[in-house]
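Notes follow once the structure below has been shown.
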Amino acid sequence: MAEPKLVLALPKGRVMDDSLRAFGRAGLRLAPPESERAMRYDAGDAMVTLMRNADVPTYVELGVADAGVVGKDVLLETGARVYEPADLGFAACRLSLVRPRGATGTVERVATKYPRLATEYLRRIGSSAEVVKLTGNVELACLTGLADAVVDVVQTGETLRANGLEEVDVILRSSARFVVNRAALKLRGDVLRPLIAALRDLPGAR
């Protein structure tokens with residue numbers, strides 16, 4: 036009986052496209068989904084499950100997927116217990132504290148999609164600011180007065196500049212990481228270990 040294919044959890048969108056290319060260069064041939072509405076499909080050398088970026092660590096940690104690709108920022112926010120053997124180098128961004136340009140005074144309230152990381156950061160700098168979790172465009176919290184600052188992902192900074200906002204502190208730098216279920220690494224090591232080695236050897240990867 037043939038061994039079951041690897042099951043990979045990938046986020047939808049550009050990161051999925053970059054992931055498929057990276058896997059291909061590493062020797063794992065994966066076709067893109069035939070439909071934009073696909074949620075799970077046979078990609079060739081593996082089964083691929085498509086989901087929101089924030090859900091990838093949970094699927095991998097609980098063993099529904101053997102491995103996946105997720106941003107370091109999301110991985111730290113979830114606190115998932117997974118093996119993180121490779122930094123793939125793409126989807127680079129930074130998680131930053133953002134305020135209205137020229138704002139002064141104490142930050143009393145921070146809005147964010149990353150309450151865990153924001154709380155840890157504020158504790159580290161000795162701030163007692165309240166953390167409010169949002170799921171939409173968190174920069175709007177600064178523009179409407181809901182919050183004095185936001186903690187959010189920044190790539191180019193163009194959206195901030197266009198709305199009179201600025202980064203005042205970089206909390207962490209993020210990029211796409213290949214993550215693996217700990218049990219799968221033992222059970223499927225014959226497949227996963229060569230793949231990890233090949234991914235680490237890709238240009239831009241670490």
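Residue numbers for the sequence shown follow the numbering used here, beginning at 36 and rising by one.
Cβ coordinates follow ideal geometry from the N, Cα and C atoms, glycine included.
All values reported here derive from a predicted model rather than from experimental measurement.
Practice problem: For the beta strand (DSSP E) holding M82, just list the boundary residues, first then last. | Solution: A81 to M86
Exercise. Since I believe D204 is in contact with L132 (beta carbons under 8 Å), could you give me their beta-carbon distance rounded to a whole number of angstroms?
Key: 4 Å
Quiz item: What are the boundary residues of the beta strand (DSSP E) that includes A184?
Solution: A184 to V189
Practice problem: To the nearest angstrom, report how far apart R212 and A66 are at their CA atoms. | Solution: 20 Å
Self-check item: Start-to-end residues for the beta strand (DSSP E) that takes in F213
Solution: A211 to V215
Quiz prompt | Inter-residue spacing [alpha-carbon to alpha-carbon] between A240 and A115 | solution = 22 Å
Quiz prompt | Collapsed DSSP secondary structure at L169 in the structure displayed | solution = coil
Self-check item: Identity of the residue in Y156, A44 and L200 nearest P92 by Cα
Solution: A44
Quiz item: In or out: K148 buried (at least 16 other Cβ within 10 Å) or exposed?
Solution: buried
Self-check item: Rounded separation between A81 and S209 - CA only
Solution: 26 Å
Practice problem: Tell me whether I206 sits in a helix, a strand or coil according to DSSP, three-state version. | Solution: strand
Exercise. Tell me whether S131 sits in a helix, a strand or coil according to DSSP, three-state version.
Key: strand
Quiz item: Can you list, in chain order, the residues of its chain whose CB lies under 7 Å from that of N198, leaving out five sequence neighbours each side?
Solution: E174 and L178
Quiz item: Going straight from the alpha carbon of L41 to that of A100, what length do you get?
Solution: 8 Å
Exercise. Report buried or exposed for L130, applying the criterion of at least 16 other Cβ atoms within 10 angstroms of its Cβ.
Key: buried
Quiz item: Hey, how far is the Cα of A164 from the Cα of L181?
Solution: 13 Å
Quiz item: If we ignore side chains and look at the alpha-carbon of each, how far apart do D166 and A184 end up?
Solution: Looking at the sequence itself, residue 166 is Val, so the reference to Asp does not match. Looking at the two C-alpha atoms, the distance is approximately 10 Å.
Quiz item: If you drop the 5 nearest sequence neighbours on each side, which residues of the same chain put their C-beta closer than 6 Å to that of R64?
Solution: G79 and D80
Quiz item: Which first and last residues belong to the beta strand (DSSP E) in which V145 is found?
Solution: R144 to T147
Quiz item: Nearest-angstrom Cα distance between E71 and M51?
Solution: 12 Å
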